[in-house]
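If you're matching positions, the sequence shown starts at 1 in UniProt numbering and goes up one per residue. Cβ atoms here follow ideal geometry from the backbone N, Cα and C, with glycine treated the same way. Since the structure is predicted, the reported quantities are computational estimates derived from the model, not experimental observations.
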Amino acid sequence: MITKQDKKQDLLDYRYLRMARIWAENSYCQRRQVGALVVKNKMIISDGYNGTPSGFENICEDEAGVTKPYVLHAEANAITKLARSGNNSEDSTLYVTASPCIECAKLIIQAGIRRVVYGEKYRLTDGIDLLERAGIEVEYKEL
Ligand SMILES: [Zn+2]
1 MITKQDKKQD LLDYRYLRMA RIWAENSYCQ RRQVGALVVK NKMIISDGYN GTPSGFENIC
61 EDEAGVTKPY VLHAEANAIT KLARSGNNSE DSTLYVTASP CIECAKLIIQ AGIRRVVYGE
121 KYRLTDGIDL LERAGIEVEY KEL
């Protein structure tokens with residue numbers, strides 16, 4: 001049964017996901033732009049988009065157009081940003097425009113994030129599988 005509460009949450013999920021998609025526009029990566037938001041108690045406590053670490057040039061790809069190995073994913077940027085803030089991600093929800101990879105899934109688990117809402121499926125599902133194994137609620141919403 002779909003309750004009024006579920007409907008409200010569904011609407012909020014779509015709004016945050018759309019905000020994450022707008023946030024992805026900050027990314028200077030050419031191949032792909034991904035955005036993420038961490039929401040806790042109805043507050044956005046962190047945000048991220050894919051890009052190189054602070055202090056590095058704002059170029060994600062090498063001359064051959066291949067993504068550099070040190071580019072951080074949106075989820076990793078959002079979670080590590082929290083590590084430098086007074087906030088924490090325990091029991092929060094992560095909104096991300098693309099399906100999390102396995103490396104980000106590990107960070108999501110360890111960050112205590114309780115729920116993940118993502119907006120784009122990927123052929124590899126190992127990240128999603130790992131999140132589900134850890135008991136994290138994972139939801140796909142078509143953007
Ligand atoms: Zn990732």
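Annotation for residue 136: 108, 109, 113, 114, 115 and 116 place their beta carbon closer than 8 Å to its own, counting only its chain and skipping 5 residues before and after. Residue 4 is not bridged by DSSP to any residue.
In chain order, 38 and 87 place their CB closer than 6 Å to the CB of residue 45, counting only its own chain and leaving out the 5 sequence neighbours on each side.
Excluding five sequence positions before and after residue 142, the CB atoms of its chain that fall closer than 8 Å to its own CB belong to 119, given in chain order.
Take residue 30, set aside five residues on each side of it, and the residues of its chain with a beta-carbon closer than 8 Å to its own are 60, 61 and 65, in chain order. Per DSSP, the unbroken alpha helix (DSSP H) holding residue 106 starts and ends at 102-110. DSSP links residue 93 through a beta bridge to 39 and 115. For residue 132, the enclosing alpha helix (DSSP H) covers residues 126-133.
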